[in-house]
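Numbering (this note's numbering), first residue to last: 1137 to 1968.
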């Protein structure tokens, strides 16, 4: 609070410079008598002691006449229209039987009787006229001593001006002085002698003027400095708009002070018209009011009243608009409404700042005090402007006090923000450390959950595929035996159900891998024709008894013999599309096509498409085709079944390969799914015509004689032991069976084997651990080891190959897959 009282003290000190304890002297009936009193011998006014004198009181006025000193030398020719009070406007005064308007011209005359002291006669006197609203010319004892603008009786010759004047008058023997002032106004709403002349000793008046100018310059500098300071605060922290509006308010106040009072703007060497300066004066007044409202709103957003603020802003905008385009004679009429508006704004500011104090907002007391001091000076100036009181204009001091107190409030608010920032900074390391610990714990939990999820899927893969391997494997073996038609019918149902269940499990597990972000590509050089033939062969097994023909267009003759990409993923994506087409096509055809779009020595662009004559898909349903767990028509899901993941998996695979999948379909007509891939051509690979896969080798007992191998099977599950043993028996092999990894190690240590079919998950010693031990045996590196596993995860495959396994056979497997693996490794000895 000490800062606030210091501000009040400074304001009072500045205001005290305006007035001293001086006698009240005023003209009567056109005469201002300053002579000594006959009884006391003291003059009515002592220029040495009392300083400058405002020539107030009753002046003679000659309405619609511009008279010079020579006109008054002719006795009896000119009589005054009346006596008017100075300072005052002539607007509405009854002159020559009619009320005067603001526009017009007149001559003011005053007879001044000076004291008879010798120092007055020998000293140099001076007249000071701060400004008038239009144009004037002053005569002192018949001599023109000051002028502003061009005084004329008609508007075309009239020119207003806006400049303070000090006229030095030499002393003389005459005690009676005639002062004549000609005034004309054809531009402003107010006419007349609105600012009194000031008379005093030239040194005193000059010093007094300098003091006033320096005081205003000090106020200007302080306000401008505050404006720049708070502009800087805003630009350093744009989120807080209160400093911005306060800076704008200070800037508008700076312009207002510059254009009023002693008109310091005239000290600047610029050329500006009177009307331009007047427009700026009115605009700055309204802008200061509007920006102060916005500043108060941003400072205390929750303490104000939105509707009242908006109404005041609209009124301020309406009052400011005329000053932009209308002439001074019109827009100057907005002064009184603008003064009333600023009083209402101050009342609203009391309301807001009082609410802020009640809610203990930072700096609210200083804000309230600043508005109190400002409102006192503003009301004083309004009353002075209406000629109701005479202390003079004090608003600059009130503005300075408000700026000072508000700056203290904003600074305290800023300091509180800095203190809070420092506290936060001090606690930041502790908070970061605590947060880091929380994140580490959360990460550990997430990793455990991921590990648990992976373990769950691995377990579910093994537990689901192991029994399915028995079902599908035994059904495949039974197909090779002699069956009655009824038995064959039942066996087909078992085999189909097992295959459908395996397809569902594969889709779910594949999607879980993709959704977990563990999807990866394994690119190798491979012949695309063989991949397409595999898709065709597997697709034909899905047709069963349907009246659907599956066809494929031949590849161009110059198609590369091999391409570089992920063969398994391309085959999976195409097989999913073919399987989807088979599911929704009852009759007609399904056509697989591969078209070469562009070819270079290093790269080939190929478009794959699968076209069918199935049920088709509507445009609305096409939007959901590649979303998980959805089908084109949910109402037919019972008829066609499926998880709704096949197309999703295909689209993700194609995206990973660098392509995008599209669909073109008409309901009832069929569909066409197509995608484009850019495939690399390996170096030193010749091109040749399309070659088909060798037809599959016949499944019979002669297979073992053509591809002789001594086999060891490591499998702990009894059902799978039967499936593998019988599958090998059908091919002509008699394999040695080990029920776990430990037994497998014992057999390898005792006997020689060519190939081991090694189950991965076994008790006592797992297949991976057994493989690692075998590779350390003397002849262990020459053995071919093929993993038998129901876990299709990438991690499981990596573990198998890292342990030293040579190939990977997924459960459940069919006889053709087993046959191909044995045929492959019987002709390809293992490289150490």
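Built from N, CA and C at the ideal position, the CB exists for glycine as well.
Fair warning: this is a prediction, and the values are worked out from it, not measured in the lab.
Three-way DSSP call (helix, strand, coil) for residue i in this model
| i | result |
| --- | --- |
| residue 1683 | strand |
| residue 1771 | Residue confidence for residue 1771 is low, a pLDDT of 48 falling below 50, so the modelled location carries little weight; the figure read from the coordinates is stated next. Of the three classes helix, strand and coil, the one that applies to residue 1771 here is helix, per DSSP. |
| residue 1428 | helix |
| residue 1739 | strand |
| residue 1957 | helix |
| residue 1328 | strand |
| residue 1950 | coil |
| residue 1925 | strand |
| residue 1898 | coil |
| residue 1748 | strand |
| residue 1608 | helix |
| residue 1693 | coil |
| residue 1585 | helix |
| residue 1163 | strand |
| residue 1879 | helix |
| residue 1559 | helix |
| residue 1293 | helix |
| residue 1240 | strand |
| residue 2013 | Examination of residue 2013 is not possible in this model, given that the chain is present from 1137 through 1968 alone. |
| residue 1276 | strand |
| residue 1408 | coil |
| residue 1618 | coil |
| residue 1727 | strand |
| residue 1435 | helix |
| residue 1254 | At residue 1254 the pLDDT is 43, less than 50, meaning the model places this residue with poor confidence; the figure from the coordinates comes in the next sentence. In this structure, residue 1254 counts as helix in the three-state DSSP scheme. |
| residue 1700 | strand |
| residue 1819 | coil |
| residue 1962 | helix |
Segment limits, beta strand (DSSP E) that includes residue i
| i | result |
| --- | --- |
| residue 1703 | From DSSP, residue 1703 is part of no beta strand (DSSP E) but of the alpha helix (DSSP H) over 1703-1719. |
| residue 1459 | First-last for residue 1459: 1458-1461, but that is the alpha helix (DSSP H), not the beta strand (DSSP E). |
| residue 1197 | 1193-1199 |
| residue 1228 | Run containing residue 1228: none; DSSP gives neither H nor E here. |
| residue 1872 | 1872-1874 |
| residue 1264 | 1261-1265 |
| residue 1799 | 1797-1802 |
| residue 1288 | Unbroken run through residue 1288: none, as it is neither H nor E. |
heavy atom of the ligand ZN below 8 Å from residue i C-beta
| i | result |
| --- | --- |
| residue 1225 | As for the ligand ZN, it is missing from this structure, which has no ligand bound. |
Cut-off 6 Å between Cβ atoms - residues of its own chain near residue i, not counting five sequence neighbours on either side
| i | result |
| --- | --- |
| residue 1384 | 1427 |
| residue 1430 | 1381 |
| residue 1878 | 1900 and 1901 |
| residue 1842 | none |
| residue 1414 | 1464 |
Status (buried if at least 16 other CB within 10 Å, exposed otherwise) for residue i
| i | result |
| --- | --- |
| residue 1542 | buried |
| residue 1955 | buried |
| residue 1371 | exposed |
| residue 1433 | buried |
| residue 1577 | exposed |
| residue 1568 | exposed |
| residue 1825 | Reliability of the predicted coordinates at residue 1825 is poor, the pLDDT of 36 falling under 50, and the value obtained from them is presented with this limitation in mind. It counts as exposed. |
| residue 1748 | buried |
| residue 1822 | Bear in mind that a pLDDT of 43 at residue 1822, under 50, signals an unreliable position, so the number given afterwards is only what the model happens to contain. With fewer than 16 Cβ atoms within 10 Å of its Cβ, residue 1822 is classed as exposed. |
| residue 1501 | buried |
| residue 1116 | In the structure displayed, the chain extends from 1137 to 1968; residue 1116 sits before or after that span and is not available. |
| residue 1517 | buried |
Start and end residues, alpha helix (DSSP H) containing residue i
| i | result |
| --- | --- |
| residue 1903 | 1903-1911 |
| residue 1855 | 1854-1866 |
| residue 1355 | 1338-1372 |
| residue 1488 | 1471-1494 |
| residue 1758 | 1755-1758 |
| residue 1380 | 1378-1395 |
Residues of its chain near residue i, where Cβ-Cβ distance is below 7 Å and the 5 sequence neighbours each way are ignored
| i | result |
| --- | --- |
| residue 1335 | 1188, 1189, 1191, 1261 and 1263 |
| residue 1743 | 1731, 1733, 1810 and 1812 |
| residue 1659 | 1700, 1701 and 1702 |
| residue 1862 | 1613 |
| residue 1545 | 1499, 1502 and 1503 |
Are three or more beta carbon pairs between the stretch 1450-1464 and the stretch 1389-1400 nearer than 8 Å?
no
Pair every Cβ in the stretch 1703-1715 with every Cβ in the stretch 1750-1764, then say whether three or more of these pairs are closer than 8 Å.
No contact exists between the stretch 1703-1715 and the stretch 1750-1764.
Given 8 Å, three or more beta-carbon pairs between the stretch 1220-1228 and the stretch 1172-1186:
no
Check whether the stretch 1227-1236 and the stretch 1281-1291 are in contact - that is, three or more C-beta pairs closer than 8 Å.
no
Would the stretch 1320-1328 count as touching the stretch 1293-1307 if we require 3 or more Cβ pairs under 8 Å?
yes
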